[in-house]
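In what follows, a structure is listed as structure tokens, so that the remarks can point back to it.
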Amino acid sequence: MNQDLKNHINESLKKGVRLDGRKKEEYRNIEIKVGVIATAEGSALVKCGDTEVIAGVKMTVGEPYPDSQDQGTMMVGSELLPLSNPNFESGPPSIDSIEVARVIDRGIREGKAIDTKKLCIRKGELVWTVMIDVLPINHDGNLIDVGGMAALAALKNTKMVEIENDKIVAGKRTEESLPVNSMPIPITVLKIGDNLIVDPTEEEEEVLDARLTVSVLEDDTLCALQKGGDASLTTKDINEMIDLAIKKSHEIRDKIKEAL
Amino acid sequence: MASKYTKRDNGRGFNETRPIEAKAGVIKKADGSAWFRIGKTTAFAAVYGPREMHPKHAQDPKTGVLRCNYNMMPFSTEDRVRPGPSRRSKEISMVSTKAILPVVNLVDFPNAAVDVFIELTETDAGSRCAGICAASIALADAGITMRDMIAAVSCGVVDHQAVVDLDGPEEHMHDIDVADIPIAMVPSTEEITLLQMDGKVSKEELLKAIENVKPVLKQIAEVQRKALKDRYK
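Going down the list, the sequences are from chains A and B. Just so you know, we're using my numbering here: the first sequence kicks off at -17 and counts up by one. Just so you know, we're using my numbering here: the second sequence kicks off at 224 and counts up by one.
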């Protein structure tokens, strides 16, 4: 780690200043566009500062899991594309990309965003599978939050596909929307020294001590958590981080609603 | 020979491409980048380097090494593409590298690599050519010494009729013979740097199709150059 950078960010934060002039609890400018990919059932492009992420949804049919025979299935996939940052390398999925995908997945899954019961075609035999792929075009920090926004906006934009003889008819989308019940928003709060910040840039992520991603539902209940970073957190930290996440989740959810 | 293909289903003229748009400098973290769209087929390209070559055994003490990497995003086709490299994407990466290599000069960067990452967000045929066009703009945007652009487009022969820029439905016509010929060219010298074909054509038809597509490739190169100039407006 670059110790000079860390000291500099720390000293500035003590004065309440960030490298790009933002306040500690301020997100960068967010732009959301839905329906950007014609080959996808639903899609969204989200820009947050210089971070830019595309999410696309593809629908297929398949067998249900043995423990939930009357429910459709879902999966979030992500890859830290080497196109999006000089530090990302080609090859099998890195642990960082797996974490991004799984934390976004957990928020959507546990927040029951997709009404999987409505995605059952024949109990125990055939159900819908929702594949959500979240890919960065330019990575300048905060991929979980930006990817989570893109995934949710893409789901809200998704149309169902026609089926014939238990197979999907590729490219034939219906007027019916994918049943989406809730809007879980993942918010990541970083702890650098004694400071809590949201929406980190790549430099801020590099020097973080700890982070906590909190997925928040409309009624402020929490549906997923993930702690990261090497330092520990006190109960007081966690308390403050969750408060901040809940506060920011309203702002972000409104932005997504506005874009839809 | 008279062709059964007297009119294109998409309403275009035989030498008419789909609408083309290009933009340079779209990925901030990259040393050079571009976005290229022909019809619905959309490619992003990012250049990183010259930078240290890994693995070390791939280093060349005489020159820098160009590496293109072609990838389709999972949602870029109607049937979801499984993430990760496939035989197809590896071959396209290789031919794309070779399509661009003749115009780039990397002798000043021994042991280094210049990586070009090409990502297709949406495809409707012609994706390798769109990728090569984007990559070529991105390399110029990165300040890599080049003696010209590389312009690429697929041409085709549909039942003896030469056609430019086949789209998805045209490529998949069943009741008529379709040959798909992706081609890349150095516009100023008319050197061909990529040539592949799927389908059946006679030698004469192939040569005619190539002659036919040359002016189109020169027009594409103009769009590429304009994208670079627009960046500095």
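Where is the CB? At the ideal position from N, CA and C, for every residue including glycine. Quick caveat, the model's predicted, so the values are computed rather than measured.
With 16 other CB atoms within 10 Å as the buried threshold, where does residue i fall?
{"i": "residue 240 of chain A", "result": "exposed"}
{"i": "residue -3 of chain A", "result": "exposed"}
{"i": "residue 98 of chain A", "result": "buried"}
{"i": "residue 255 of chain B", "result": "buried"}
{"i": "residue 399 of chain B", "result": "exposed"}
{"i": "residue 225 of chain B", "result": "exposed"}
{"i": "residue 74 of chain A", "result": "exposed"}
{"i": "residue 411 of chain B", "result": "exposed"}
{"i": "residue 228 of chain B", "result": "buried"}
{"i": "residue 365 of chain B", "result": "buried"}
{"i": "residue 0 of chain A", "result": "buried"}
{"i": "residue 203 of chain A", "result": "exposed"}
{"i": "residue 422 of chain B", "result": "exposed"}
{"i": "residue 457 of chain B", "result": "Lying before the first or after the last residue shown, residue 457 of chain B is absent from chain B, which here runs from 224 to 456."}
{"i": "residue 195 of chain A", "result": "buried"}
{"i": "residue 181 of chain A", "result": "buried"}
{"i": "residue 395 of chain B", "result": "exposed"}
Counting only C-beta atoms, is residue i closer than 9 Å to chain B at any point?
{"i": "residue 25 of chain A", "result": "yes"}
{"i": "residue 113 of chain A", "result": "yes"}
{"i": "residue 42 of chain A", "result": "yes"}
{"i": "residue -13 of chain A", "result": "no"}
{"i": "residue 34 of chain A", "result": "yes"}
{"i": "residue 181 of chain A", "result": "no"}
{"i": "residue 159 of chain A", "result": "no"}
{"i": "residue 76 of chain A", "result": "no"}
{"i": "residue 67 of chain A", "result": "yes"}
{"i": "residue -10 of chain A", "result": "no"}
{"i": "residue 129 of chain A", "result": "no"}
In the DSSP output, what is residue i paired with across the bridge?
{"i": "residue 15 of chain A", "result": "A/27"}
{"i": "residue 141 of chain A", "result": "A/159"}
{"i": "residue 290 of chain B", "result": "B/338"}
{"i": "residue 369 of chain B", "result": "B/327"}
{"i": "residue 42 of chain A", "result": "A/111"}
{"i": "residue 8 of chain A", "result": "DSSP, once it has assigned bridges, lists no residue as partnering residue 8 of chain A."}
{"i": "residue 149 of chain A", "result": "A/146"}
{"i": "residue 59 of chain A", "result": "A/115"}
{"i": "residue 271 of chain B", "result": "B/338"}
{"i": "residue 360 of chain B", "result": "Per DSSP, none; premise fails for residue 360 of chain B."}
{"i": "residue 343 of chain B", "result": "B/266, B/295"}
Under a CB-based cut-off of 9 Å, is residue i close to chain A?
{"i": "residue 248 of chain B", "result": "no"}
{"i": "residue 349 of chain B", "result": "no"}
{"i": "residue 296 of chain B", "result": "yes"}
{"i": "residue 274 of chain B", "result": "yes"}
{"i": "residue 267 of chain B", "result": "yes"}
{"i": "residue 399 of chain B", "result": "no"}
{"i": "residue 354 of chain B", "result": "no"}
{"i": "residue 286 of chain B", "result": "no"}
{"i": "residue 259 of chain B", "result": "no"}
{"i": "residue 366 of chain B", "result": "no"}
{"i": "residue 307 of chain B", "result": "yes"}
{"i": "residue 342 of chain B", "result": "yes"}
{"i": "residue 252 of chain B", "result": "yes"}
{"i": "residue 393 of chain B", "result": "no"}
{"i": "residue 279 of chain B", "result": "no"}
{"i": "residue 345 of chain B", "result": "yes"}
{"i": "residue 338 of chain B", "result": "yes"}
Looking at residue j and residue i, is the spacing between their C-beta atoms short of 9 Å?
{"i": "residue 354 of chain B", "j": "residue 266 of chain B", "result": "yes"}
{"i": "residue 383 of chain B", "j": "residue 428 of chain B", "result": "yes"}
{"i": "residue 269 of chain B", "j": "residue 323 of chain B", "result": "no"}
{"i": "residue 360 of chain B", "j": "residue 450 of chain B", "result": "yes"}
{"i": "residue 388 of chain B", "j": "residue 263 of chain B", "result": "no"}
{"i": "residue 152 of chain A", "j": "residue 116 of chain A", "result": "no"}
{"i": "residue 312 of chain B", "j": "residue 294 of chain B", "result": "yes"}
{"i": "residue 96 of chain A", "j": "residue 160 of chain A", "result": "yes"}
{"i": "residue 133 of chain A", "j": "residue 16 of chain A", "result": "no"}
{"i": "residue 39 of chain A", "j": "residue 128 of chain A", "result": "no"}
{"i": "residue 88 of chain A", "j": "residue 197 of chain A", "result": "yes"}
{"i": "residue 273 of chain B", "j": "residue 367 of chain B", "result": "yes"}
{"i": "residue 212 of chain A", "j": "residue 192 of chain A", "result": "yes"}
{"i": "residue 299 of chain B", "j": "residue 329 of chain B", "result": "no"}
{"i": "residue 289 of chain B", "j": "residue 320 of chain B", "result": "yes"}
{"i": "residue 296 of chain B", "j": "residue 336 of chain B", "result": "no"}
{"i": "residue 27 of chain A", "j": "residue 340 of chain B", "result": "no"}
List the residues of chain E that residue i touches, going by C-beta distances under 8 Å, in chain order.
{"i": "residue 301 of chain B", "result": "Any reference to chain E falls outside this structure, whose protein chains are A and B."}
Relative to the ligand GTP, is the shortest distance from any of its heavy atoms to the C-beta of residue i smaller than 8 Å?
{"i": "residue 323 of chain B", "result": "The ligand GTP is not part of the structure shown, which contains no ligands of any sort."}
Subject >> Continuous alpha helix (DSSP H) assignments of at least 4 residues falling wholly in the stretch 63 to 136 of chain A >> reply: 77 to 92
Original post:
In the stretch 162 to 213 of chain A, which residue ranges form an unbroken beta strand (DSSP E) of at least 3 residues, counting only runs that do not cross its ends?
Top reply: 167 to 174, 177 to 180, 192 to 198, 204 to 210
Subject >> beta strand (DSSP E) segments (min. 3 residues) lying fully within the stretch 236 to 264 of chain B >> reply: Runs of the beta strand (DSSP E) inside the stretch 236 to 264 of chain B: 243 to 247, 255 to 261.
**OP:** Ignoring anything shorter than 4 residues or poking outside the stretch 215 to 241 of chain A, list the alpha helix (DSSP H) runs there in chain order.
**Re:** Those alpha helix (DSSP H) runs which fall completely within the stretch 215 to 241 of chain A and span 4+ residues are 217 to 241.
Subject >> In chain order, each beta strand (DSSP E) run of at least 3 residues that lies wholly inside the stretch 390 to 432 of chain B >> reply: 401 to 409, 414 to 418
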